[in-house]
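Everything below concerns the one structure shown next.
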Amino acid sequence: MAKAKTKLTIKPTFKIENIVASAELGLELDLYTIASKVHDVEYEPEQFPGAILKLKEPKTSLLLFKNGKIICTGGKNEAEVGAAIEKTLKMLINYSKVKPPKGFKPKFVVQNIVASAALGVELDLYTIASKVKDVEYEPEQFPGAILKFPSPKTSLLLFKNGKIICTGGRSEADVNTALNMAAKLLAPYSSPLPPAKQ
C-alpha cells in the first residue's frame, strides 16, 4: 500500500523590512535654502527634482518636493513613518513660504510594504511553476519564482529554502493575507527542510 504524503501545515510569520509612504506637509518648500541650511539634506536638481533628507532617528529617508509632497522610505512600522513625517514637518516649516494651519498633523498613505517571511519548509519551485497559476520561474535569470496575487495586489518572491519576500501590500493585513494565501497554495509542493537548513 502506498504511503500518503503528509500535508504540511505552514504558518507564515513576517517581518516588515520597509514601508514606503507619501504625505503632503502643507508647505511650499525652497529646496535650495533647505539644502544649504539643513544638515543631512542632498539636493542636485539637475539629476532629480526632489531633495533627499536622511534622518538618523527614526532611520528613514525622505524625498522632498517643492510643493510640500514627500515620500518616506525605510520605516519598519507605521509609527516610525508617522514620527519621521512629523519630525520632517518641524524641521522644514521655517523654510516654507506657506505655513499649514496651527495644530496641523500630516496624514500619510502607505504605498508599499516590503516584508520577509520564512515558511520553514523547502519549496519545489519547478513543480510550483508548472502547477500554480500566476507563477513565473526562470532559474537561469533569477533563483526565485514570482507569485502574483490580484487581491490583495501583491508580488511574492519564492525561494527553494522557503523564504519569501512580499511586496505591494499597503497594510500589514494585506501582507498577512497574501502570505496565508501563499502558504495554503504552496503546501502541496513543500517538504520539510533538511535539519541543517532550519
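Numbering (this note's numbering), first residue to last: -14 to 183. Glycine included, every Cβ here is placed at the ideal spot set by N, Cα and C.
- Between A100 and the set F33, S156, A8, the nearest pair of CA atoms involves S156.
- Our two residues, D25 and A68, have alpha carbons roughly 17 Å apart in a direct line.
- Secondary structure of E31 (DSSP, three-state): coil.
- A Cβ-Cβ separation of about 5 Å places L10 in contact with P91 under the 8 Å criterion.
- A straight-line Cα-Cα distance of about 26 Å links V120 and V95.
- Taking the CA atoms as reference points, S46 sits about 23 Å from T139.
- Beta-bridge analysis with DSSP links E107 to S176.
- In this structure E13 touches G53 by the C-beta definition: roughly 6 Å separates them, less than 8 Å.
- Taken in chain order, the whole beta strand (DSSP E) runs of length 3 or more contained in the region 96 to 178 are 106 to 108, 130 to 135, 138 to 143, 148 to 154, 175 to 177.
- As computed with DSSP, L49 is found in a beta bridge with A36, I55.
- Taking a 10 Å sphere around the C-beta of E29, we find fewer than 16 other C-beta atoms and assign the residue as exposed.
- Judged by DSSP secondary structure, S21 falls outside any beta strand (DSSP E) and instead within the alpha helix (DSSP H) spanning 16 to 22.
- By the Cβ test, the region 101 to 110 is not in contact with the region 76 to 93, since fewer than three Cβ pairs between them sit closer than 8 Å.
- About 15 Å separates the beta carbon of T162 from that of N97, a gap too long to meet the 8 Å contact definition.
- Counting other Cβ atoms within 10 Å of its Cβ, Y174 reaches 16 or more and is therefore classed as buried.
- Straight-line measurement puts the Cα of L171 at about 12 Å from the Cα of I131.
- Distance check between I37 and each of E31, L49, N146 places L49 closest, using alpha-carbon atoms only.
- Sixteen is the threshold: since fewer than 16 other Cβ atoms of the shown chains lie within 10 Å of the Cβ of Y17, the residue is exposed.
- Assigned with DSSP and collapsed to three states, K0 falls in strand.
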